[in-house]
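Since the structure comes first, as structure tokens, the remarks are kept for the end.
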Amino acid sequence: MKKKFLNDHEIPMPPPGIAVRGKSPQGKIPTTCIPYGDTVRIPFKDTGIFGAVPGGAFEEELPVGLFFKGDRIGPFKAKAQDNDVFLIFLDIDKKKAYINLVQVRSSC
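Heads up: the sequence shown begins at 93 in my numbering, then just goes up one per residue.
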């Protein structure tokens, strides 16, 4: 999908490819680097429960809760400090959990 602005990033949920089985991810965790001040938007491709840990990486906290296919949240502006945030999505229909790592850095 085309970016709306130069500093606007979309991270779809569920992220492509990585599901968690048991206690560990099955493969490499998708990683997105976001420079300080850039924004993140999250479109939901499936219905599920979304959360982000730890908090504090964005000026407004990412919401936690049930989101429906077609929902979109954001933009969320990255703070000017290094952070690693795990985005977690529990797909209700597929009964799978997905993880995506967002790294907030001064440059990517």
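Glycine residues also receive a C-beta, built at the ideal position from the N, C-alpha and C atoms. Here the structure is a predicted model, which means the values were calculated and not measured.
Asked	Found
According to DSSP, what are the bridge partners of P126?	According to the sequence provided, residue 126 is Ile. The question's Pro does not apply to it. I126 pairs with V196.
Identify, in the order they occur along the chain, each residue of the same chain with its Cβ nearer than 8 Å to the Cβ of P104, setting aside the five sequence neighbours on each side.	I134, P135, F136, K137
Could you give the distance in angstroms between the alpha-carbon of K95 and the alpha-carbon of K187?	Residue confidence for K95 is low, a pLDDT of 44 falling below 50, so the modelled location carries little weight and cannot support an answer.
Whose C-alpha, out of V194, C200, Q173, is nearest the C-alpha of V144?	The amino acid at residue 144 is misidentified as Val; the sequence shows Ala. The shortest Cα separation from A144 among V194, C200, Q173 belongs to V194.
Whose C-beta lies closer than 7 Å to the C-beta of P167 among residues of the same chain, with five residues either side of it excluded?	D100, T131, V132, R133
Look at the Cβ atom of P107, then the Cβ atom of P122, and state whether they are nearer than 7 Å.	yes
Is the beta carbon of K169 less than 7 Å from the beta carbon of E153?	no
Should S198 go down as buried or exposed, given a rule of 16 or more other Cβ atoms within 10 Å for buried?	exposed
Would you call A149 buried or exposed, if buried means 16 or more other Cβ atoms sit within 10 Å of its Cβ?	buried
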